[in-house]
Amino acid sequence: MTLTAPSEPRARQRRPPLPSSDRRRHALVVVALAVAGVGLLATSHLLTARRQLLAAGTDLRASRAALTKRDDAAATAILDRASGHLDGAASAARSFPLPALGLVPLFGSPVRASATAARAGRDGVAAARSLVAASSSFPTSASAGVDGHDLSAFHDAAARSQAAISAADAGLARADQALTGPAGALLPAVSGPARAMRAELAASRNELSAAGRGMTLLEDLTSSTTDARLLLLSQDSLELRATGGYIGSYGVLHFANGTVKLETYEASEDLPPADPPARAPEGLGLYLPGPWGLSNVNWWPDFPTTAAAATEMYKRQGGGDVDGVLALTEFATARLVGALGPLQLPDYARPVVEDGFDTRVVAEVEQKIPPDQPRKKFLIELANTLFGRLFSLPAAKLPAVTDAVRRSLGTGDIQLWFKDPARQRLVSGAAIAGALPKTDGDFLMVVDANMAASKANLSVTKQVDYRVDRDKDGRLVGHLRVEIDNGGAQSSINPLYNSYLRAYVPAGSTLINADGHQASNPALDGAFQVFVQPLVVQPKEKGVATFDYLLPEGVAAGGNYRLTWIRQAGTPDDRLRVAVSGGTGQSDPAVKTLHFERNLNGKGLVSWLRQRWIVHKLGV
Numbered sequence: 111m112t113l114t115a116p117s118e119p120r121a122r123q124r125r126p127p128l129p130s131s132d133r134r135r136h137a138l139v140v141v142a143l144a145v146a147g148v149g150l151l152a153t154s155h156l157l158t159a160r161r162q163l164l165a166a167g168t169d170l171r172a173s174r175a176a177l178t179k180r181d182d183a184a185a186t187a188i189l190d191r192a193s194g195h196l197d198g199a200a201s202a203a204r205s206f207p208l209p210a211l212g213l214v215p216l217f218g219s220p221v222r223a224s225a226t227a228a229r230a231g232r233d234g235v236a237a238a239r240s241l242v243a244a245s246s247s248f249p250t251s252a253s254a255g256v257d258g259h260d261l262s263a264f265h266d267a268a269a270r271s272q273a274a275i276s277a278a279d280a281g282l283a284r285a286d287q288a289l290t291g292p293a294g295a296l297l298p299a300v301s302g303p304a305r306a307m308r309a310e311l312a313a314s315r316n317e318l319s320a321a322g323r324g325m326t327l328l329e330d331l332t333s334s335t336t337d338a339r340l341l342l343l344s345q346d347s348l349e350l351r352a353t354g355g356y357i358g359s360y361g362v363l364h365f366a367n368g369t370v371k372l373e374t375y376e377a378s379e380d381l382p383p384a385d386p387p388a389r390a391p392e393g394l395g396l397y398l399p400g401p402w403g404l405s406n407v408n409w410w411p412d413f414p415t416t417a418a419a420a421t422e423m424y425k426r427q428g429g430g431d432v433d434g435v436l437a438l439t440e441f442a443t444a445r446l447v448g449a450l451g452p453l454q455l456p457d458y459a460r461p462v463v464e465d466g467f468d469t470r471v472v473a474e475v476e477q478k479i480p481p482d483q484p485r486k487k488f489l490i491e492l493a494n495t496l497f498g499r500l501f502s503l504p505a506a507k508l509p510a511v512t513d514a515v516r517r518s519l520g521t522g523d524i525q526l527w528f529k530d531p532a533r534q535r536l537v538s539g540a541a542i543a544g545a546l547p548k549t550d551g552d553f554l555m556v557v558d559a560n561m562a563a564s565k566a567n568l569s570v571t572k573q574v575d576y577r578v579d580r581d582k583d584g585r586l587v588g589h590l591r592v593e594i595d596n597g598g599a600q601s602s603i604n605p606l607y608n609s610y611l612r613a614y615v616p617a618g619s620t621l622i623n624a625d626g627h628q629a630s631n632p633a634l635d636g637a638f639q640v641f642v643q644p645l646v647v648q649p650k651e652k653g654v655a656t657f658d659y660l661l662p663e664g665v666a667a668g669g670n671y672r673l674t675w676i677r678q679a680g681t682p683d684d685r686l687r688v689a690v691s692g693g694t695g696q697s698d699p700a701v702k703t704l705h706f707e708r709n710l711n712g713k714g715l716v717s718w719l720r721q722r723w724i725v726h727k728l729g730v
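The sequence shown maps to residues 111 to 730 in this note's numbering.
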């Protein structure tokens with residue numbers, strides 16, 4: 111073996127020093143990288159805050175929906191989640207390096223806006239929590255007594271709720287004020303979440319205002335000093351009328367000294383003739399087999415007009431004075447049956463359920479052989495059982511009942527009117543009032559009435575197409591086409607469909623086709639023009655009615671066209687399509703009112719984006 115000596119280590123070579131200019135560039139690169147890192151970190155925290163704020167806004171909207179359904183547990187859980195998102199947004203706004211950048215012009219505004227929006231969101235959550243607390247303390251049922259169901263607990267709860275609503279509105283007002291600056295910021299990252307949250311707060315305040323009016327009304331009706339009778343109209347849309355359907359039965363709800371009871375429920379044909387007799391309005395009198403009475407009093411689609419006539423007619427037919435009118439279609443009744451669970455009636459073996467409710471009523475009342483005595487015994491027992499269950503509602507059923515009522519309000523299947531102006535002001539402007547709106551733009555309501563005394567509407571649907579264009583003189587012309595499809599087979603309940611079709615359009619419109627005619631009587635003090643066209647449609651056939659008319663010149667002032675269309679209550683299967691200057695829209699069966707907008711003079715990208723937004727909003 112040969113040993114070798116270790117080699118000498120090589121001398122370490124030193125790098126020559128960098129020139130001063132290179133050192134400066136190196137230092138600048140290091141600083142730039144550090145600034146970029148800080149900027150990226152700050153931007154990441156700002157984006158986190160933005161996501162958390164948007165999520166909190168979504169939660170506030172969801173909590174409103176849960177509270178509307180009286181699902182207090184769900185509302186509380188959603189608000190807990192919203193609080194977590196707001197804490198996350200506030201934490202992100204405090205994270206390094208954002209506090210240090212708060213005075214820097216570029217980052218200062220987003221940092222302050224994120225913190226402000228988080229604080230505003232907490233005010234919104236606090237307001238919502240106070241409402242949940244008030245809702246949780248609300249009773250679910252009234253105790254039964256000899257003179258009716260005791261409502262004193264509801265009266266006390268309504269008074270407590272008023273205080274909670276006032277406190278919540280004050281908190282939402284503070285939150286809205288705090289978001290004024292951030293919502294107006296130029297940077298979308300700043301203004302976007304602030305505007306979204308501000309919109310939710312505004313919606314909450316609107317709902318609070320409506321809830322406040324509702325609580326005021328409830329406090330009034332449940333007061334120990336109140337004595338008020340409400341005429342209950344059961345509308346059958348299978349025999350369609352202007353506000354929903356033929357009034358085959360009626361009742362009286364009596365609020366007296368802090369109690370409520372269904373005082374009576376009977377068939378409308380059992381009422382004596384009106385004394386003195388009342389003259390039927392134009393059109394209706396041609397079809398009546400006898401004197402005009404309560405069963406056909408709902409000739410006008412404006413519910414306050416119909417309700418006022420109903421109170422007078424009921425008095426003339428021996429019912430005495432009433433203080434208001436509550437109307438329900440069979441759709442509202444069916445939803446309540448579904449929410450309350452199967453209803454077992456005293457003299458009927460098969461329970462009543464929501465599915466197939468309309469055909470069950472027809473079978474029991476119209477087709478039964480031999481008929482019940484009295485003929486509407488089924489409806490009488492149903493009304494007494496239904497309201498008895500409502501007045502003694504189990505807590506577990508409350509969210510479902512509240513949701514059923516909410517859906518019926520949106521479609522016009524529940525309508526309410528009061529003779530007292532102060533009470534009426536509490537419902538005016540809400541969907542439950544059923545009033546036709548006054549508008550400066552275009553307006554359309556197709557009002558159908560089945561004048562054959564049949565139940566043909568069980569099988570009848572309509573396709574309504576409305577197109578607006580300009581004539582050779584540049585004036586706007588409305589083209590309305592209504593196709594009625596009587597899809598049912600001929601039977602005792604569908605011998606034919608005898609439609610008295612009316613189109614409510616803006617006052618000053620002029621009919622230019624010869625198929626229909628203009629009604630001679632003014633509609634709602636001249637607020638609308640009414641065109642009429644009767645139409646008979648045999649079973650398994652279709653019929654078409656058309657109305658072409660000049661619109662008044664002020665309908666599209668400045669080229670901004672706006673259409674308000676009201677769906678007739680009791681017609682969820684009817685379809686409406688609108689076409690104006692290249693834009694289209696269609697109706698939602700769950701919504702009674704459709705708004706459509708079109709800029710007739712608009713050109714370019716801005717106009718195109720605006721039209722796309724409108725179409726998206728309509729769900730087309």
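The beta carbon of each residue, even a glycine, is placed where N, CA and C say it ideally should be. Treat the numbers as computed from the prediction; the structure is a model and nothing was measured.
- For R580, same chain residues with a beta-carbon under 8 Å away, outside a window of 5 residues either side, are L586 and V587 in chain order.
- Taking T681 as the centre and dropping the five residues before and after it, the same chain places the C-beta of S347, L350, D558 and K572 closer than 8 Å to its C-beta, in chain order.
- E474 is positioned such that its CB atom lies no closer than 8 Å to that of V447.
- Per DSSP, the continuous alpha helix (DSSP H) segment holding E491 begins and ends at K487 to F501.
- Within the stretch 332-410, the complete beta strand (DSSP E) segments at least 3 residues long are 337-346, 356-366 and 369-377, listed from N- to C-terminus.
- When C-alpha distances from S333 are compared across E376, H705, D260 and G400, the shortest belongs to D260.
- Contact between V235 and S193 holds, since their C-beta atoms are separated by about 6 Å, short of 8 Å.
- In the same chain as A388, and ignoring 5 residues on each side of it, the C-beta atoms closer than 7 Å to its own belong to W402, M423 and R426, in chain order.
- Setting aside the 5 residues that flank it on each side, S251 is surrounded in the same chain by S502 and L503, each with a C-beta closer than 6 Å to its C-beta; the list follows chain order.
- Closest by C-alpha distance to I603, out of A562, A417 and F638, is A562.
- By a beta-carbon distance limit of 8 Å, A199 contacts L163. Their separation comes to about 5 Å.
- Exclusion of the five residues before and after S271 leaves A244 and M325 as the residues of its chain whose Cβ lies within less than 6 Å of its Cβ.
- The bridge partners DSSP lists for V435 are L341 and W527.
- Per the C-alpha coordinates, the member of A384, A202, A280 and A184 positioned closest to A227 is A202.
- CA-CA distance, D482 to E491, rounds to 12 Å.
- Buried is the label assigned to E440, since at least 16 other Cβ atoms lie within 10 Å of its Cβ.
- Two segments are said to touch when three or more pairs of C-beta atoms, one from each, lie closer than 8 Å; by this definition the stretch 672-680 touches the stretch 541-558.
- For P509, the enclosing alpha helix (DSSP H) stretches over residues L508 to T521.
- DSSP places I542 in the helix class (H, G or I) of the three-state scheme.
- In terms of Cβ geometry, D330 and R533 form a close pair [threshold 8 Å].
- With the rule of 3 Cβ pairs closer than 8 Å, the stretch 452-471 counts as touching the stretch 428-443.
- Straight through space, the alpha carbons of A543 and L634 are spaced by roughly 15 Å.
- By the Cβ-count criterion, L396 is exposed, with fewer than 16 other Cβ atoms from all chains shown falling within 10 Å of its own Cβ.
- Fewer than three beta-carbon pairs drawn from the stretch 634-648 and the stretch 521-539 are found closer than 8 Å, and the two stretches are therefore not classed as touching.
- Counting along the chain, S609 sits inside no alpha helix (DSSP H); it lies in the beta strand (DSSP E) bounded by residues Y607 to P616.
- Restricting attention to beta strand (DSSP E) runs no shorter than 3 residues, the stretch 648-677 encloses them at 651-660 and 670-676, ordered along the chain.
- Within the model, the alpha-carbon separation for D181 versus L189 is close to 12 Å.
- R180 sits in coil when the DSSP states are folded into three classes, being neither helix nor strand.
- Bounds of the alpha helix (DSSP H) holding D279 are S262 to A288.
- A direct Cα-to-Cα measurement between A514 and A273 gives close to 27 Å.
- Within the DSSP secondary-structure output, R426 pairs in no beta bridge.
- For the pair A338 and A506, the Cα-to-Cα distance works out to about 30 Å.
- Look at S564 here: in three-state DSSP terms it is coil, with no helix or strand label.
- Scanning its chain for C-beta atoms nearer than 7 Å, with the 5 sequence neighbours on each side dropped, one finds around P547 the residues T674, in chain order.
- S359 and F488 have their alpha carbons spaced roughly 11 Å apart.
- Distances from the CA of L363 to each of A689, M307 and N494 were compared; the closest alpha carbon is that of N494.
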